[in-house]
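Trainee: Just passing along the structure, written as structure tokens.
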Amino acid sequence: QVQVQESGGGLVQAGNSLRLSCAASGRSLSGYVMGWFRQAPGKEREVVARNPWSGIWSYYRDCVKGRFTISIDNAKNTVYLQMNSLKPEDAAVYYCAAGATVSVMNYWGKGTLVAVSS
15 QVQVQESGGG LVQAGNSLRL SCAASGRSLS GYVMGWFRQA PGKEREVVAR NPWSGIWSYY
75 RDCVKGRFTI SIDNAKNTVY LQMNSLKPED AAVYYCAAGA TVSVMNYWGK GTLVAVSS
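Letter by letter, the sequence shown follows residues 15 to 132 of the numbering used here.
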């Protein structure tokens, strides 16, 4: 079993930055794909960024490219999402997830709320 827990959400003004953290525990995450997803009110959940634990590639949603960065600290078993130049449309509940494959995310956190004021 894998447990993931997000933290770092909050209220920021547009243009500012936030860094979300996802602490992972349980079995080894070597070989897992880690992802950050978000869900805004009335909208479907969408992928924001993905990265295998090895870090050999990264995927970003088009609208966050150049602004968000996913990274993994192996020593701390933690995945980060650095979010810069935040926009009101980035406001959502952000979820961290871990999966054996890109298309199947098996383990989910409870989410952390990001609010962006204009």
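No residue lacks a Cβ here, since even glycine has one placed at the ideal position from N, Cα and C.
What's the gap between the Cα of Ala105 and the Cα of Cys36?
Mentor: The straight-line gap from Cα to Cα measures roughly 18 Å.
Trainee: Looking only at its chain, what residues have a beta carbon closer than 6 Å to the beta carbon of Arg81, apart from the 5 residues adjacent to it on each side?
Mentor: Around Arg81: Asn98 and Ser99.
Trainee: Okay, do the region 86 to 93 and the region 23 to 30 touch, 3+ Cβ pairs below 8 Å being the bar?
Mentor: Touching, no.
Trainee: Give me the residue from Val78, Trp67, Gly22 and Gly23 with the minimum Cα distance to Arg41.
Mentor: When each option's Cα is compared against that of Arg41, the closest is Trp67.
Trainee: Just confirm the distance between the C-beta atoms of Gly22 and Leu34, as a whole number of angstroms; I'd bet it's less than 8 Å.
Mentor: Confirmed, Cβ separation roughly 4 Å.
Trainee: Would you check if the distance between the CB atom of Cys110 and the CB atom of Glu20 is smaller than 8 Å?
Mentor: Yes, the Cβ-Cβ distance between Cys110 and Glu20 is below 8 Å.
Trainee: Since Leu25 contacts Ala129 with CB under 8 Å, what's their CB separation in whole angstroms?
Mentor: Yes, they are in contact, since the Cβ atoms of Leu25 and Ala129 sit about 4 Å apart, within 8 Å.
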